[in-house]
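Quick note on the UniProt record's numbering: the sequence shown kicks off at 1 and runs consecutively. Below: one structure, written as C-alpha cells.
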Amino acid sequence: MQALDKSRREDYMAEDVENLEEPEFRFALIGMVLWLMAVGVYVLLVRFNWIQGL
Numbered sequence: 001m002q003a004l005d006k007s008r009r010e011d012y013m014a015e016d017v018e019n020l021e022e023p024e025f026r027f028a029l030i031g032m033v034l035w036l037m038a039v040g041v042y043v044l045l046v047r048f049n050w051i052q053g054l
C-alpha cells in the first residue's frame with residue numbers, strides 16, 4: 001500500500017513541477033533571444049559594410 005501511495009505522490013510532484021512553469025517567462029526569454037539575435041545580425045552587417053550604420 002505504501003508503494004502505491006509513494007508512486008502517486010511522485011506523479012503529483014511531477015505534475016506540480018510542470019504547473020509551476022510560467023509561459024510568460026518562456027515568451028519573455030524567447031523574445032529576448034530573438035531581439036539579441038537581431039541586434040547581432042545588424043552588428044555583423046554593419047561590421048562587414050554590407051549596410052550603412054545608423
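Ideal Cβ positions, reconstructed from N, Cα and C, are used throughout, including at glycine.
Residue i - DSSP class collapsed to helix/strand/coil
i     : result
Phe25 : helix
Trp35 : helix
Ile51 : coil
Cut-off 8 angstroms between Cβ atoms - residues of its own chain near residue i, not counting five sequence neighbours on either side
i     : result
Leu45 : Ile51
Close Cβ partners of residue i (< 6 angstroms) along its chain, the five nearest in sequence each way excluded
i     : result
Arg26 : none
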